[in-house]
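First up is the structure itself, then whatever we jot down about it.
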Amino acid sequence: MATPTSELTKAMTLVLDTNAHAGGEAATEAPFKPTLAGMSRERLRDAMAAAGVPEKQLRMRVIQLWRWLYISGATSFDQMTDISKETRTALEALYTLDRPEIVAEQVSVDGTRKWLLRLPKRGHEARAPEIETVYIPDNDRGTLCISSQVGCTLTCSFCHTGTQRLVRNLEASEIVGQILLARDRIGDWPGAKRPDDDGLLPSTDRKITNVVLMGMGEPLYNFDNVREAIDIASDGEGLSLSKRRITLSTSGVVPEIARWGELSGTMLAISLHAVRDELRDELVPINKKYPIKELLEACRTYPGASNAKRITFEYVMLRGVNDSLADAKALVRLLAGIPAKINLIPFNPWPGSRYECSDWETIERFAEVVNKAGYASPVRTPRGRDILAACGQLRSESVRLRARDRSEPAASAKSPDAA
Ligand code: SAH
Ligand code: SF4
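Structure representation (structure tokens):
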């Protein structure tokens, strides 16, 4: 499954900051101002109160700011013409409208775009952490794959992200910021200019029609921030992404699955990858804590699951590991009675990975068994492999912190001066 060299040479890379790996020291010298872009209404309200906006104006100002941020995609306070100059100046003194900083942007020959993004460094962090976000255009839809953590604390043996050294939770605004940034770069705001490369864009009005939490990290280990971000992204008066077009993928954090369904209600995808506990323990080690039976029980009772709202089961095709016909048959037996879709994912190799992708014939034969059992079009075409943007290939160069320095709760984002 090596990537042909011609593809590699045709992919475009735009390195926007060649000092990226110096650790972002320059950014830390100026006094840090939090960004309003990506904040919830409550946080915007608190932020404006802290900037001296009178109490009686707050409600209206939140409505105005919300529209500027999430309908117009404003990147400068000057655009906010219905907000008084005085208020804009007060806000600008304390805040920015920054998105995560782009370190590099790559456009694959198939139109997939990948951004390496740098986040503001927190007090205890030796260097600014980096994440990746991927945009996958098709003719009739545009899917944005976003990250929920820097790296991942789990260590699935076939996943590149699991080998990354730095791990921390993203704040809600850093999750929403990925959507804002992607819309900036593909000109997906009213009246915005499209990129002047030849990258594919869908024919839909909105160029991002779907969002999947399938980038770096285990979203259910960052529950509150992911939930806050999804509430902002799906708000009908702003970014307006329907929850039916937002999918959270989990490796199987069983106790959080029902809670996610009740509190957020997005579509759900499960990284199953094996039909026997012994093998799943090896591929997806969280299985040792929450084995297949418990995981499937949580799926059976997932709030809102129905034939119209099926759960996706992801199954990575690993040569000689989980790709036999017996596995395929066991898979359909296992999922009987669950409103399910099956997504077969050809394994995407990464430097140093110990697996190989199943060959195409094996995948087709496996798919046939799955198809015959009534599950349609299950093979996920790998996208953006030439720029290492495909599933499981994401890994920034950020280094791992000691466990006690990890995953600070995002409460610091609440108060503008604490961040
Ligand atoms: N942590 C979450 C979401 C991110 S991973 C999860 O595990 O579900 C998104 C999907 O990519 C998961 O199904 C994951 O198992 C799959 N994946 C990881 N590494 C892969 C690789 N090298 N090739 C193909 N798919 C991979
Ligand atoms: Fe983490 Fe998902 Fe990768 Fe497993 S597959 S290491 S849970 S990102």
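Going by the working numbering, the sequence shown opens with residue 11, and the numbers climb by one from there. No residue lacks a Cβ here, since even glycine has one placed at the ideal position from N, Cα and C.
Tell me which same chain residues have a C-beta within less than 8 Å of the C-beta of residue i, skipping the five on either side of it?
i           : result
residue 45  : 105, 106, 107, 108, 109, 183, 187
residue 103 : 61
residue 313 : 268, 271, 272, 275
residue 72  : 51, 54, 55, 58
residue 212 : 147, 148, 149, 150, 151, 152, 219
residue 369 : 329
residue 435 : This structure gives no information on residue 435, because the portion of the chain shown stretches from 11 to 429.
residue 84  : 78, 90, 107
In or out: residue i buried (at least 16 other Cβ within 10 Å) or exposed?
i           : result
residue 89  : exposed
residue 141 : buried
residue 86  : exposed
residue 58  : buried
residue 70  : exposed
residue 179 : buried
residue 92  : exposed
residue 123 : buried
residue 237 : buried
residue 34  : Low confidence applies to residue 34: its pLDDT is 43, below 50, so where it sits in the model is not reliable enough to give any reading.
residue 143 : buried
residue 244 : buried
residue 362 : exposed
residue 130 : buried
residue 346 : exposed
residue 115 : buried
residue 385 : buried
residue 97  : buried
residue 246 : exposed
residue 338 : buried
residue 136 : exposed
Starting from the C-beta of residue i, find all residues in its chain whose C-beta is less than 7 Å away, skip the five residues before and the five after it, and write them out in chain order.
i           : result
residue 261 : 164, 166, 228, 281, 294, 296
residue 222 : 153, 155, 257, 259
residue 290 : 283, 284, 297, 302
residue 200 : 82
residue 49  : 57, 183
residue 198 : 216, 217, 218
residue 355 : 324, 325, 326, 327, 390, 401
residue 193 : 83, 199, 218
residue 264 : 300, 304, 305, 308
Give the straight-line distance between the Cα atoms of residue i and residue j, rounded to the nearest whole angstrom.
i           : j           : result
residue 380 : residue 146 : 25 Å
residue 127 : residue 336 : 42 Å
residue 359 : residue 389 : 17 Å
residue 321 : residue 253 : 14 Å
residue 383 : residue 251 : 32 Å
residue 325 : residue 352 : 7 Å
residue 190 : residue 77  : 13 Å
residue 225 : residue 399 : 9 Å
residue 393 : residue 64  : 50 Å
residue 334 : residue 371 : 11 Å
residue 74  : residue 318 : 36 Å
residue 196 : residue 204 : 6 Å
residue 139 : residue 132 : 9 Å
residue 231 : residue 160 : 12 Å
residue 171 : residue 94  : 45 Å
residue 248 : residue 111 : 23 Å
residue 31  : residue 158 : Note on residue 31: pLDDT 40, under 50, position unreliable in the model; no value is reported.
residue 375 : residue 101 : 60 Å
residue 279 : residue 344 : 16 Å
residue 162 : residue 173 : 8 Å
residue 367 : residue 67  : 59 Å
residue 306 : residue 287 : 12 Å
residue 168 : residue 125 : 22 Å
Going by DSSP, name the residue or residues bridged to residue i.
i           : result
residue 235 : The partner list for residue 235 (beta bridge, DSSP) is empty, contrary to what the question assumes.
residue 265 : None, per the DSSP bridge assignment.
residue 323 : 280, 352
residue 125 : 115, 143
residue 178 : 160
residue 259 : 279
residue 154 : 145, 221
residue 328 : 367
residue 316 : 319
Counting only beta-carbon separations shorter than 8 Å, does residue i have a partner in chain C?
i          : result
residue 77 : Judged by its chain identifiers, the structure shown contains no chain C, having just a single protein chain.
Leaving out five residues before and five after residue i in sequence, what residues of the same chain have Cβ atoms less than 6 Å from its Cβ?
i           : result
residue 37  : Here residue 37 scores only 46 on pLDDT, less than 50, and its place in the model should not be relied on; the value that follows carries that caveat. Within the same chain, residue 37 has no close Cβ partners at all.
residue 239 : 182, 185, 186
residue 507 : For the chain, the structure presents residues 11 to 429; residue 507 sits outside this window and is missing.
Please determine whether the Cβ atom of residue i lies at a distance below 7 Å from any heavy atom of ligand 3.
i           : result
residue 360 : By its list of ligands, the structure shown excludes ligand 3, since it contains just ligand 1 and ligand 2.
Where the beta carbon is closer than 5 Å to any heavy atom of ligand 2, which residues qualify, in chain order? 162, 164, 166, 169, 171, 172, 228, 261
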